[in-house]
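Each remark here refers to the structure printed beneath this line.
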Amino acid sequence: MKNAIDQIMEDTDKVIKEHSEMWYLTNDKVYKDELHDTNVLLRRMQERNKKKKEDIERELSKYFIM
Numbered sequence: 066m067k068n069a070i071d072q073i074m075e076d077t078d079k080v081i082k083e084h085s086e087m088w089y090l091t092n093d094k095v096y097k098d099e100l101h102d103t104n105v106l107l108r109r110m111q112e113r114n115k116k117k118k119e120d121i122e123r124e125l126s127k128y129f130i131m
């Protein structure tokens with residue numbers, strides 16, 4: 066069973082992949098810039114989510130055997 070953070074990270078990975086594919090398919094410079102900027106923000110969010118997940122797992126490991 067997936068937890069909420071894993072699901073969010075998986076969904077975000079899908080969006081990043083879709084944006085990357087659209088970036089290669091378009092010739093519109095402004096649209097490419099917007100896709101790039103969005104992906105940069107999404108990747109930052111992924112890093113924060115990964116850190117949160119690690120923090121949560123570290124905290125839970127104090128109380129439960131994982």
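The numbering used here applies: residue 66 is where the sequence shown begins, and numbers increase by one. Glycine is no exception: its CB is placed at the ideal position from the N, C-alpha and C atoms.
- The beta-carbon separation of Ile70 and Lys127, rounded to 18 angstroms, does not stay under the 8 angstroms limit for a contact.
- Counting along the chain, Thr91 sits inside no alpha helix (DSSP H), nor does DSSP assign it H or E at all.
- Assignment of Tyr128 by DSSP, reduced to helix, strand and coil, places it in the coil class.
- Contact between Ile73 and Asn114 holds, with the beta-carbon distance rounding to 6 angstroms and staying under 8 angstroms.
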